[in-house]
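S.K.:
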Amino acid sequence: MHVEEVILKYALINALQHNGRANSKAVIGKVLGENPELRPKAREIIPLVNEIVNQVNSMGVEEQRKRLREIYPEFFESKKEKKGEKKGLPPLPKAERGKVVTRFAPNPDGAFHLGNARAAILSHEYARIYGGKFILRFDDTDPKVKRPEPIFYDWIIEDLRWLGFQIDEIHCASDRLELYYRYAEELLRMGKAYVCTCRPEDFKKLRDEGKACPHRELPPEVQLEEWRKMLNGEYREGEAVVRIKTDLSHPNPAVRDWPALRIIDNPDHPRAGNKYRVWPLYNFASAIDDHELGVTHIFRGQEHAENETRQRYVYNYFGWEYPATVHHGRLSIEGVILSKSKTRRGIEEGRYLGWDDPRLGTIRALRRRGIRPEAIKEVIIEVGLKRSDTTISWDNLAAINRKLVDPVANRYFFVADPIPMHIRGYDEEFTARVPLHPDHPERGYRELKFTPGKPVYVSRDDLELLGKSEYIRLKDLFNVKLLKVSDKGIEAEFDSIDYERAKEHRWHMIHWVPEGKPCEVLIPEGDELVTRKGLLEKHADVKVDEVVQFERFGFVRIDEVRVDKIVAIFAHK
RNA sequence: GCCCCGGUGGUGUAGCCCGGUCAAACAUGCGGGCCUUUCGAGCCCGCGCCCCGGGUUCAAAUCCCGGCCGGGGCACCA
C-alpha cells in the first residue's frame, strides 16, 4: 500500500468517526502508530497528511464513506466487538508460582475494618493466584499502649473466614519472644546492636545531632551483660532499650539507631501474662518474623514505607533477602469513621451499639448491614495496589452488592409509618398472590388478603404521591380512586381490578399491607442511626441474617426476629 | 522544619515504566428512553476527566524542570 493511500485510509476513518471532519494530528498519530516504519520519515509525511486531510474534509460524508469502501471495505465489516475490560489484579513483581508467601499482621486491639482489609485481601488474593501460602500473624507485642484483647483474636479470624480466606498458618508474636531474644542477642554479639540506657530526651538530642550515645560503642561483652540485666529485671521499664545500629547521619532522624526491644514492667499480656518483661517493638518483631516465616511479599499501607528502611538494616546484618514490598494508599469509605481509637471511644460513650454498629466501617458492621463478602473483595480488588489514598463511595459498594443480592433476595412489603386507607365499594375478600421474587416465580408466593370493612396500610412516604394522584394502584391488588388524603387516613373507592387499566392511565403503584407485624428498620445515615418503624406483611417468612428487599424501600438484612417485632438493617436502595 | 509518596470525569479504576492505534477505556453516578405489576433488575442513548506552567519532540496523559494541591512518616505504638 502506498503511503498516500495509508494516509487516506486513516483520514477517511477519522472523518467518518467525527462527523465528516478529520483532524490531521489524530491522523498522523494513527498513521505513525500503526506503521512504525514510517516514523523516521515523519517530517516528510506531515505535509502530505495535511493535504490529504484537507481533501477529505472537503468531501461530503457520503463521498467519504464511498471512498473508504473502495480502498478499505474491512472497516465496515468488523463491527464493534466489545473489548472486555480486564478485571482483576495485575501480575505481582518477582512472584513465582507456588512460592509466594504473604501475611497479614494485625494488632488484635480492635475490630478488623475496611481500611485493614486492603492489605489483607491483596495479600490473600495474591497467595491464591500464585498457589502460595497466606499467613495470619497477630502483631500483639504492645501490652501497654495498644493493648491486645482476647476477643479480637477470634473476631479477626472469624472476619477473615467470612471474607472467604483460606488461612494457611496462624502465629502470634507473643508466642515468639524467645525467638526475638535469640536474634537480639546475636546482633549484640555481632556489634550491630546495643543496649542504651540513656534517658529518652538525652538520646533524642544526640540522635538529632547525628551523634552516638555513650553506650553505642561499648564492646559486645558489655552489651550482653547489659542485655542480661534487662532480662532479669535489674533494669526497670524506661531504663534500658536495645537499639539497632544504623547510619547516624541518615537524613531521617527517625531511622537513626531505632529501638528494637524495650521493657514493660507489668505487662499482664492477654496471652503471655507476666512471663516476659522485655518486649520487641513492631519493626524488630516484624523484620524477624517476615524472614522466619518465609514471607516473600509484603503488602502494607504507605505509613509503613519508612519502616522498610529501618528493617532493612536487620536484613543486611544477617545477610537475608528482603521481601518484595507493595505500599498502597489508605482506603476509606465515604463518611465512615475507621479509626480504632475513635470507634472505641464512641462505644465507650454509648454513641455506638458496639464494634458492629451499622454506622461503622468494621467488617462486622458491613456484614450486619447486609454487605456480602464478595462485594468487599471486589471493591478492594478494583481499587488495587495504587499508592494514592482512595475513598470508596457507598454508591459504588452498594451497586456491587446489589448485583450480588438482587437475584437471591426475596421481596416483601414493608410499610414505613403506616397510614390507614379505607376502601369502599368492594365487598368481597380478595387475596393478592405475589411472587417472592419477580424473576423467579418458582420460589413461591406470599398472600395478602384484603377484607371488606378493614383498612389497608400505606406508607407516609407515599403521601405526597397520593396527594397529587386521582387514582392509584395497590400493587398486585386493585386500582382505587382517591377521595380524601391526609396523614390521619385515606378514603378511597374501589375502581377496578385490571392491571392493564392502571398501566394505560399510567397510574402510580404503591405497596400496602392489610395487617402486619411491627418492624423496625435501622438506617445508618452518616453518624446518625435512624429508626423507621412500620409494618411488615404479616406472614413474611424472614430469618435472621437473611437479606431481603422491602419493595420500593430497599434491601435490608434481617437483624432480629422476635415475637413482638422484627428488626432489619438498611443496606441500600 | 525534615524525610517519603501521590494527583486521569462527581466517585473508583485502566492507560504512564516503553511518547504516536487516546478525538482517553471500564464501572458507578447523573439526565433521557425502552421494558417490567417495586423507586429493584435488565436494555438503549446521552453528560462528564488527563492539577497548573514551562521544556524536549514532527508528536506528551505518558519523558524532564518548576509550582500548586493532597496524603503519610518523624514514639521505649502498630
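In terms of my numbering, the first sequence opens at residue 5 and continues consecutively. Heads up, the beta-carbon is just placed ideally off N, CA and C, and yes, glycines get one too.
1. If you draw a straight line from the alpha carbon of A403 to that of V546, how long is it in whole angstroms?
2. In whole angstroms, what separates the C-alpha of V525 from that of E338?
3. What residue range is occupied by the uninterrupted alpha helix (DSSP H) comprising L192?
4. Once DSSP output is grouped into helix, strand and coil, what is the label at Q170?
5. How about K569 and P522: do their beta carbons lie closer than 8 angstroms?
6. Please report the Cβ distance between W516 and Y461, rounded to the nearest whole angstrom; I am assuming they are in contact, meaning their Cβ atoms lie under 8 angstroms.
7. Which residue spans inside the stretch 448 to 536 form an unbroken beta strand (DSSP E) run of at least 3?
8. To the nearest angstrom, how far is it from the Cα of F482 to the Cα of E432?
9. Since S336 sits in a beta bridge, which residues does DSSP pair it with?
10. From Y321 to A258, what does the alpha carbon distance come to, in whole angstroms?
11. With a threshold of 16 other CB atoms inside 10 Å of the CB of K83, please say whether the residue is buried or exposed.
12. What's the call for F557, buried or exposed, on a 16-neighbour Cβ count within 10 Å?
13. Can you tell me where the alpha helix (DSSP H) with A347 in it begins and where it stops?
14. Considering only the beta carbon of each residue, do F303 and A264 sit closer than 8 angstroms?
15. Take the Cβ of G520 as the centre, count every other Cβ of all protein chains shown within 10 Å, and call the residue buried at 16 or more, exposed below.
16. Within the same chain, show all residues whose beta-carbon is closer than 6 angstroms to that of F434, passing over the 5 residues directly before and after it, in chain order.
17. In angstroms with no decimal places, state the Cα-to-Cα distance between E225 and A188.
18. Taking the alpha helix (DSSP H) that A99 falls in, what are its first and last residues?
19. What does the Cβ neighbour count give for T535, buried or exposed, with the cut at 16 atoms within 10 Å?
20. Is E541 helix, strand or coil by DSSP?
21. Quick one: what's got a C-beta closer than 6 angstroms to E550's C-beta in the same chain, skipping five residues either side?
22. Tell me the rounded alpha-carbon separation between I160 and Y280.
23. Excluding the 5 residues preceding and the 5 following I49 in the sequence, name in chain order all residues of the same chain whose CB lies nearer than 8 angstroms to its CB.
24. Please go through the same chain and pick out, in chain order, the residues whose beta-carbon is closer than 6 angstroms to the beta-carbon of E85, but skip the five residues on each side of it.
25. Output needed for P284: all residues of its chain with C-beta closer than 6 angstroms, excluding positions within five of it in sequence on either side, in chain order.
26. Taking C-beta to C-beta, are R363 and D421 nearer than 8 angstroms?
27. Cα separation between K103 and R316?
28. Using 8 angstroms as the Cβ pair cut-off and three pairs as the minimum, do the stretch 125 to 141 and the stretch 232 to 248 touch?
29. In three-state terms, what does DSSP make of D360?
30. Is DSSP giving Y430 helix, strand or coil here?
31. What do you get for E541, buried or exposed, if any count of 16 or more other CB atoms within 10 angstroms of its CB means buried?
M.R.: Let's see:
1. 23 angstroms
2. 22 angstroms
3. L181 to M194
4. coil
5. The beta carbons of K569 and P522 sit closer together than 8 angstroms.
6. 6 angstroms between Cβ atoms; contact.
7. 449 to 454, 460 to 463, 475 to 478, 483 to 489, 494 to 500, 512 to 514 and 520 to 529
8. 13 angstroms
9. T395
10. Each residue's alpha carbon lies about 19 angstroms from the other.
11. Note that K83 scores 49 on pLDDT, short of 50, meaning its location in the model is unreliable; the coordinates nonetheless yield the value given after this. Note on K83: under 16 other CB atoms within 10 angstroms of its CB, so exposed under the neighbour-count rule.
12. buried
13. It is Thr, not Ala, that sits at residue 347 in the sequence shown. Residues K344 to E352.
14. no
15. Buried, because 16 or more other Cβ atoms sit within 10 Å of the Cβ of G520.
16. So the qualifying residues of the chain are F454.
17. 14 angstroms
18. A99 -> no alpha helix (DSSP H), and no H or E assigned at all.
19. Label assigned to T535: exposed.
20. E541 falls in the strand class under three-state DSSP.
21. I562
22. 25 angstroms
23. Hits under 8 angstroms: V7, I11, I32, V35, L36 and L42.
24. Note on E85: pLDDT 47, under 50, position unreliable in the model; no value is reported.
25. So the qualifying residues of the chain are T145, Y184 and L265.
26. Taking 8 angstroms as the cut-off, the beta carbon of R363 is found no closer than this to the beta carbon of D421.
27. 22 angstroms
28. Contact annotation: the stretch 125 to 141 does not touch the stretch 232 to 248, with fewer than three C-beta pairs closer than 8 angstroms.
29. coil
30. In this structure, Y430 counts as coil in the three-state DSSP scheme.
31. Its Cβ being crowded by 16 or more others within 10 Å, E541 is buried.
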